[in-house]
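Numbering (our numbering), first residue to last: 643 to 913.
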Amino acid sequence: MKDTLKPIVALCKRRGFIYPGSEIYGGFANTYSFGPYGAQLKKNIKDLWWKTFVEKRRDLVGLDGPILLHPKAWKASGHLDGFNDALIDCKACKARFRCDHLIEDALKQNADGLTLSQMTDLIHKNKVKCPKCGAQDFTEARHFNLMFHTHMSKTGADGDVAYLRPETAQAIFLDYKNVVDTVRVKVPFGIAQIGKAFRNEITPGNFVFRVIEFEQMEIEYFIREKDWESSFTEWLASMHDWCKLIGLKSSHVHEKEHPKEQLSHYSKRTV
643 MKDTLKPIVA
653 LCKRRGFIYP
663 GSEIYGGFAN
673 TYSFGPYGAQ
683 LKKNIKDLWW
693 KTFVEKRRDL
703 VGLDGPILLH
713 PKAWKASGHL
723 DGFNDALIDC
733 KACKARFRCD
743 HLIEDALKQN
753 ADGLTLSQMT
763 DLIHKNKVKC
773 PKCGAQDFTE
783 ARHFNLMFHT
793 HMSKTGADGD
803 VAYLRPETAQ
813 AIFLDYKNVV
823 DTVRVKVPFG
833 IAQIGKAFRN
843 EITPGNFVFR
853 VIEFEQMEIE
863 YFIREKDWES
873 SFTEWLASMH
883 DWCKLIGLKS
893 SHVHEKEHPK
903 EQLSHYSKRT
913 V
(Lines of atoms letter the chains of each structure in order from A and count residues from 1; the text may use other names and numbers.)
(Lines give C-alpha, C1' and ligand atoms only; values in the text may rest on other atoms or scores of the structure.)
Protein backbone atom coordinates (compact mmCIF):
# COMPACT_ATOMS: atom_id res chain seq x y z
CA MET A 1 0.00 0.00 0.00
CA LYS A 2 1.19 3.51 -0.81
CA ASP A 3 2.77 5.28 2.17
CA THR A 4 0.49 8.30 1.70
CA LEU A 5 -2.56 6.09 2.23
CA LYS A 6 -1.39 4.29 5.37
CA PRO A 7 -2.31 7.02 7.88
CA ILE A 8 -5.72 7.43 6.20
CA VAL A 9 -6.37 3.67 6.37
CA ALA A 10 -5.35 3.58 10.03
CA LEU A 11 -7.60 6.55 10.85
CA CYS A 12 -10.60 4.99 9.07
CA LYS A 13 -10.25 1.79 11.08
CA ARG A 14 -9.56 3.52 14.41
CA ARG A 15 -12.60 5.78 14.07
CA GLY A 16 -15.01 3.07 12.91
CA PHE A 17 -15.39 4.07 9.26
CA ILE A 18 -13.76 1.22 7.31
CA TYR A 19 -12.36 -2.17 8.37
CA PRO A 20 -10.32 -4.69 6.33
CA GLY A 21 -12.53 -7.55 5.11
CA SER A 22 -12.31 -10.91 6.94
CA GLU A 23 -9.60 -9.52 9.18
CA ILE A 24 -9.81 -12.25 11.84
CA TYR A 25 -8.83 -14.77 9.14
CA GLY A 26 -5.88 -12.76 7.94
CA GLY A 27 -7.83 -10.48 5.63
CA PHE A 28 -9.15 -10.96 2.11
CA ALA A 29 -7.49 -8.84 -0.57
CA ASN A 30 -9.36 -5.78 -1.82
CA THR A 31 -12.44 -6.29 0.38
CA TYR A 32 -13.61 -3.95 3.14
CA SER A 33 -16.41 -3.53 5.65
CA PHE A 34 -17.92 -0.13 6.33
CA GLY A 35 -18.11 0.33 10.09
CA PRO A 36 -20.89 2.11 12.01
CA TYR A 37 -19.83 5.60 10.95
CA GLY A 38 -18.78 4.55 7.45
CA ALA A 39 -22.09 2.80 6.81
CA GLN A 40 -24.05 5.86 7.94
CA LEU A 41 -21.87 8.22 5.91
CA LYS A 42 -22.34 6.09 2.80
CA LYS A 43 -26.11 5.96 3.35
CA ASN A 44 -26.26 9.74 3.77
CA ILE A 45 -24.45 10.25 0.45
CA LYS A 46 -26.69 7.77 -1.39
CA ASP A 47 -29.86 9.29 0.07
CA LEU A 48 -28.78 12.81 -0.87
CA TRP A 49 -27.80 11.69 -4.39
CA TRP A 50 -31.19 10.01 -4.91
CA LYS A 51 -33.08 13.02 -3.59
CA THR A 52 -31.02 15.44 -5.73
CA PHE A 53 -31.10 13.60 -9.04
CA VAL A 54 -34.29 11.53 -8.90
CA GLU A 55 -36.82 13.00 -6.49
CA LYS A 56 -36.15 16.68 -7.29
CA ARG A 57 -35.98 16.32 -11.07
CA ARG A 58 -38.93 15.71 -13.39
CA ASP A 59 -36.74 14.24 -16.15
CA LEU A 60 -35.25 11.36 -14.11
CA VAL A 61 -36.76 8.14 -12.78
CA GLY A 62 -35.30 5.38 -10.65
CA LEU A 63 -34.59 1.70 -11.22
CA ASP A 64 -33.26 -1.13 -9.06
CA GLY A 65 -32.07 -3.85 -11.44
CA PRO A 66 -30.76 -7.33 -10.58
CA ILE A 67 -27.11 -8.18 -10.03
CA LEU A 68 -27.52 -11.33 -12.14
CA LEU A 69 -28.59 -10.82 -15.76
CA HIS A 70 -29.09 -13.29 -18.58
CA PRO A 71 -25.65 -14.24 -20.02
CA LYS A 72 -26.86 -13.09 -23.44
CA ALA A 73 -26.88 -9.53 -22.09
CA TRP A 74 -23.13 -9.69 -21.49
CA LYS A 75 -22.55 -11.29 -24.87
CA ALA A 76 -24.51 -8.53 -26.60
CA SER A 77 -22.73 -5.77 -24.65
CA GLY A 78 -19.31 -7.15 -25.56
CA HIS A 79 -18.30 -7.90 -21.97
CA LEU A 80 -17.87 -11.64 -22.52
CA ASP A 81 -15.41 -11.12 -25.37
CA GLY A 82 -13.86 -7.76 -24.65
CA PHE A 83 -14.02 -6.95 -20.93
CA ASN A 84 -10.47 -8.14 -20.28
CA ASP A 85 -7.21 -7.08 -18.69
CA ALA A 86 -3.82 -8.14 -20.02
CA LEU A 87 -2.06 -9.81 -17.08
CA ILE A 88 1.37 -11.32 -16.60
CA ASP A 89 2.79 -13.54 -13.83
CA CYS A 90 6.16 -13.44 -12.10
CA LYS A 91 7.61 -16.96 -12.35
CA ALA A 92 9.62 -16.51 -9.15
CA CYS A 93 6.98 -15.38 -6.64
CA LYS A 94 3.81 -16.15 -8.66
CA ALA A 95 2.51 -12.61 -8.22
CA ARG A 96 0.22 -11.36 -10.99
CA PHE A 97 0.27 -7.87 -12.46
CA ARG A 98 -1.48 -5.81 -15.11
CA CYS A 99 0.86 -5.44 -18.06
CA ASP A 100 -0.02 -1.80 -18.71
CA HIS A 101 0.74 -0.88 -15.10
CA LEU A 102 4.11 -2.66 -15.18
CA ILE A 103 5.10 -0.91 -18.40
CA GLU A 104 3.89 2.52 -17.31
CA ASP A 105 5.53 2.30 -13.86
CA ALA A 106 8.85 0.78 -14.98
CA LEU A 107 9.31 2.26 -18.44
CA LYS A 108 7.21 5.45 -18.18
CA GLN A 109 5.52 4.45 -21.43
CA ASN A 110 1.81 4.51 -22.27
CA ALA A 111 0.70 0.96 -23.02
CA ASP A 112 -2.68 1.82 -24.56
CA GLY A 113 -3.27 0.00 -27.83
CA LEU A 114 -0.40 -2.47 -27.46
CA THR A 115 -1.03 -6.12 -28.30
CA LEU A 116 -0.27 -8.98 -25.89
CA SER A 117 2.92 -9.87 -27.77
CA GLN A 118 4.08 -6.25 -27.83
CA MET A 119 3.59 -5.90 -24.08
CA THR A 120 5.35 -9.22 -23.44
CA ASP A 121 8.32 -8.13 -25.58
CA LEU A 122 8.59 -4.77 -23.81
CA ILE A 123 8.60 -6.38 -20.37
CA HIS A 124 11.07 -9.14 -21.32
CA LYS A 125 13.48 -7.08 -23.44
CA ASN A 126 13.69 -4.25 -20.92
CA LYS A 127 14.19 -6.71 -18.06
CA VAL A 128 11.40 -5.18 -15.99
CA LYS A 129 11.70 -6.16 -12.35
CA CYS A 130 8.86 -7.76 -10.39
CA PRO A 131 7.55 -5.07 -7.99
CA LYS A 132 7.10 -7.72 -5.32
CA CYS A 133 10.30 -9.82 -5.36
CA GLY A 134 12.63 -8.07 -7.81
CA ALA A 135 12.98 -11.00 -10.20
CA GLN A 136 13.16 -10.41 -13.95
CA ASP A 137 11.39 -13.55 -15.11
CA PHE A 138 7.80 -13.18 -16.33
CA THR A 139 5.40 -15.42 -18.21
CA GLU A 140 3.75 -14.46 -21.49
CA ALA A 141 0.97 -11.87 -21.20
CA ARG A 142 -2.56 -13.26 -21.30
CA HIS A 143 -6.08 -11.88 -21.36
CA PHE A 144 -8.27 -12.47 -18.28
CA ASN A 145 -11.97 -11.66 -18.22
CA LEU A 146 -12.86 -9.31 -15.38
CA MET A 147 -16.33 -10.69 -14.66
CA PHE A 148 -16.96 -12.98 -11.70
CA HIS A 149 -19.04 -15.98 -12.67
CA THR A 150 -21.27 -18.34 -10.75
CA HIS A 151 -23.72 -21.13 -11.59
CA MET A 152 -27.51 -21.07 -11.56
CA SER A 153 -27.90 -24.78 -10.79
CA LYS A 154 -26.59 -27.17 -8.16
CA THR A 155 -24.61 -29.20 -10.71
CA GLY A 156 -22.34 -26.36 -11.79
CA ALA A 157 -22.73 -27.25 -15.45
CA ASP A 158 -21.15 -24.88 -17.98
CA GLY A 159 -24.54 -24.19 -19.55
CA ASP A 160 -25.77 -22.72 -16.26
CA VAL A 161 -23.07 -20.05 -15.96
CA ALA A 162 -24.17 -16.58 -14.84
CA TYR A 163 -22.13 -13.46 -14.19
CA LEU A 164 -22.07 -10.87 -11.43
CA ARG A 165 -22.57 -7.55 -13.17
CA PRO A 166 -19.38 -5.49 -13.65
CA GLU A 167 -21.45 -2.32 -13.97
CA THR A 168 -25.03 -1.19 -13.41
CA ALA A 169 -25.81 0.27 -16.85
CA GLN A 170 -27.00 -2.93 -18.54
CA ALA A 171 -30.14 -3.33 -16.41
CA ILE A 172 -31.09 0.23 -17.36
CA PHE A 173 -30.75 -0.53 -21.06
CA LEU A 174 -32.63 -3.83 -20.76
CA ASP A 175 -35.57 -2.16 -19.01
CA TYR A 176 -35.60 0.98 -21.15
CA LYS A 177 -38.81 0.03 -22.99
CA ASN A 178 -40.53 -1.06 -19.78
CA VAL A 179 -39.76 2.32 -18.21
CA VAL A 180 -40.97 4.25 -21.27
CA ASP A 181 -44.17 2.21 -21.49
CA THR A 182 -45.06 2.44 -17.80
CA VAL A 183 -44.16 6.00 -16.77
CA ARG A 184 -44.61 7.63 -20.19
CA VAL A 185 -41.33 9.55 -20.22
CA LYS A 186 -40.04 11.14 -23.42
CA VAL A 187 -36.55 11.99 -24.62
CA PRO A 188 -34.69 13.72 -23.09
CA PHE A 189 -34.96 11.79 -19.83
CA GLY A 190 -32.76 9.72 -17.55
CA ILE A 191 -32.84 6.51 -15.53
CA ALA A 192 -30.89 6.39 -12.27
CA GLN A 193 -29.73 3.41 -10.27
CA ILE A 194 -27.66 2.70 -7.17
CA GLY A 195 -26.26 -0.80 -6.80
CA LYS A 196 -23.36 -3.20 -6.36
CA ALA A 197 -20.98 -4.10 -9.16
CA PHE A 198 -18.09 -6.59 -9.21
CA ARG A 199 -14.81 -6.65 -11.14
CA ASN A 200 -12.09 -9.28 -10.76
CA GLU A 201 -9.27 -6.78 -11.17
CA ILE A 202 -5.71 -6.70 -9.95
CA THR A 203 -5.90 -3.79 -7.51
CA PRO A 204 -2.91 -3.84 -5.14
CA GLY A 205 -2.79 -1.29 -2.34
CA ASN A 206 -5.43 1.20 -3.47
CA PHE A 207 -7.66 0.92 -0.38
CA VAL A 208 -11.36 1.57 -1.18
CA PHE A 209 -10.49 3.58 -4.27
CA ARG A 210 -10.10 0.40 -6.36
CA VAL A 211 -11.82 -2.73 -5.07
CA ILE A 212 -13.41 -5.86 -6.53
CA GLU A 213 -16.85 -5.19 -4.99
CA PHE A 214 -18.16 -1.64 -5.08
CA GLU A 215 -21.30 0.45 -5.32
CA GLN A 216 -22.18 2.66 -8.26
CA MET A 217 -24.52 5.63 -8.44
CA GLU A 218 -25.28 5.81 -12.14
CA ILE A 219 -27.44 7.84 -14.48
CA GLU A 220 -28.06 6.95 -18.11
CA TYR A 221 -29.50 10.07 -19.77
CA PHE A 222 -31.16 9.60 -23.14
CA ILE A 223 -31.04 12.45 -25.67
CA ARG A 224 -31.17 13.13 -29.38
CA GLU A 225 -27.68 12.92 -30.83
CA LYS A 226 -27.74 16.47 -32.16
CA ASP A 227 -28.12 17.76 -28.59
CA TRP A 228 -25.17 15.87 -27.08
CA GLU A 229 -22.83 18.84 -26.63
CA SER A 230 -25.31 21.07 -24.79
CA SER A 231 -26.47 18.14 -22.67
CA PHE A 232 -22.86 17.21 -21.84
CA THR A 233 -22.16 20.77 -20.70
CA GLU A 234 -25.26 20.80 -18.50
CA TRP A 235 -24.37 17.51 -16.83
CA LEU A 236 -20.76 18.53 -16.29
CA ALA A 237 -22.03 21.60 -14.45
CA SER A 238 -24.40 19.39 -12.44
CA MET A 239 -21.48 17.21 -11.35
CA HIS A 240 -19.60 20.28 -10.10
CA ASP A 241 -22.72 21.36 -8.20
CA TRP A 242 -22.96 17.88 -6.67
CA CYS A 243 -19.33 18.04 -5.49
CA LYS A 244 -20.05 21.35 -3.78
CA LEU A 245 -23.24 19.97 -2.24
CA ILE A 246 -21.38 17.16 -0.45
CA GLY A 247 -18.73 19.56 0.84
CA LEU A 248 -15.84 19.18 -1.58
CA LYS A 249 -13.82 22.35 -2.09
CA SER A 250 -13.84 23.64 -5.66
CA SER A 251 -10.05 23.90 -5.49
CA HIS A 252 -9.89 20.14 -4.88
CA VAL A 253 -12.02 19.22 -7.91
CA HIS A 254 -10.23 19.08 -11.24
CA GLU A 255 -11.43 18.12 -14.71
CA LYS A 256 -9.37 15.63 -16.69
CA GLU A 257 -10.23 15.57 -20.37
CA HIS A 258 -9.59 12.21 -22.02
CA PRO A 259 -7.68 12.49 -25.32
CA LYS A 260 -9.44 11.05 -28.36
CA GLU A 261 -7.20 7.97 -28.47
CA GLN A 262 -8.30 7.02 -24.94
CA LEU A 263 -12.05 7.41 -25.46
CA SER A 264 -14.29 4.35 -25.17
CA HIS A 265 -15.83 3.18 -28.43
CA TYR A 266 -19.20 4.66 -27.44
CA SER A 267 -17.89 8.04 -26.24
CA LYS A 268 -17.73 11.38 -28.05
CA ARG A 269 -16.21 13.07 -25.02
CA THR A 270 -15.15 11.99 -21.53
CA VAL A 271 -14.17 14.21 -18.60
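Virtual Cβ for every residue (Gly too), placed ideally from N, Cα, C.
The model shown is predicted, which means the values in this text are computed figures rather than measured ones.
| said: By the three-class DSSP mapping on this structure, what secondary structure does residue 725 have? | reply: In the three-state scheme derived from DSSP, where H, G and I count as helix and E and B as strand, residue 725 is classed as coil.
| Helix, strand or coil at residue 680 according to DSSP, with G and I counted as helix | Helix at residue 680.
| said: Is the separation between the beta-carbon of residue 738 and that of residue 728 shorter than 9 Å? | reply: Cβ atoms of residue 738 and residue 728: not closer than 9 Å.
| query | CA-CA distance, residue 712 and residue 853? | reply | Cα-Cα distance, rounded: 24 Å.
| field | Three-state class that DSSP yields for residue 836 in the structure shown | value | It is a strand residue.
| In terms of residues, what are the limits of the beta strand (DSSP E) holding residue 864? | From DSSP, the beta strand (DSSP E) with residue 864 extends over 855–864.
| task | Could you have a look at residue 791 and say whether DSSP puts it in helix, strand or coil? | result | Strand.
| said: Measuring straight from C-alpha to C-alpha, what distance separates residue 682 and residue 769? | reply: Approximately 48 Å between the Cα atoms of the pair.
| When you compare only the Cα positions, how much space is there between residue 776 and residue 765? | Looking at the two C-alpha atoms, the distance is approximately 13 Å.
| query | For residue 870, does the count of other Cβ atoms within 10 angstroms reach 16, so buried, or fall short, so exposed? | reply | With fewer than 16 Cβ atoms within 10 Å of its Cβ, residue 870 is classed as exposed.
| Closest to residue 915 by CA distance: which of 656, 658, 674 is it? | Outside the shown range of the chain (643 to 913) lies residue 915, about which nothing can therefore be said.
| field | Sequence-distant residues of its chain with Cβ nearer than 6 Å to residue 858 (five each side left out) | value | Here the set comprises 810, 839.
| query | Considering only residues of the same chain and omitting the five flanking positions on each side of residue 786, which have a CB-CB separation below 7 Å? | reply | Non-local beta-carbon contacts of residue 786 in its own chain, meaning distances under 7 Å to residues more than five positions away in sequence, involve 726, 727, 729 in chain order.
| Which residues DSSP lists as bridging residue 738, in chain order | BP columns for residue 738 point to 731.
| request: Quick one: give me the first and last residue of the beta strand (DSSP E) that residue 804 is part of. | output: Where residue 804 is concerned, the enclosing beta strand (DSSP E) stretches over 803–806.
| message | Tell me which residues share the same chain as residue 658 and place their Cβ nearer than 6 Å to its Cβ, disregarding the 5 neighbours each side in the sequence. | response | Spatial neighbours of residue 658 in its own chain (CB-CB distance under 6 Å, excluding positions within 5 residues in sequence) are listed in chain order as 677, 678, 679.
| query | Do the CB positions of residue 793 and residue 806 come within less than 9 Å of each other? | reply | The Cβ atoms of residue 793 and residue 806 lie no closer than 9 Å to each other.
| request: Check whether the Cβ atoms of residue 705 and residue 833 sit closer than 9 Å, and answer yes or no. | output: Closer than 9 Å, so yes.
| Same chain, Cβ closer than 6 Å to residue 813, five either side skipped, listed in chain order | Closer than 6 Å at Cβ, skipping near neighbours: 707.
| query | How is residue 814 classed by DSSP in three states: helix, strand or coil? | reply | Looking at residue 814 - three-state DSSP - the assignment turns out to be helix.
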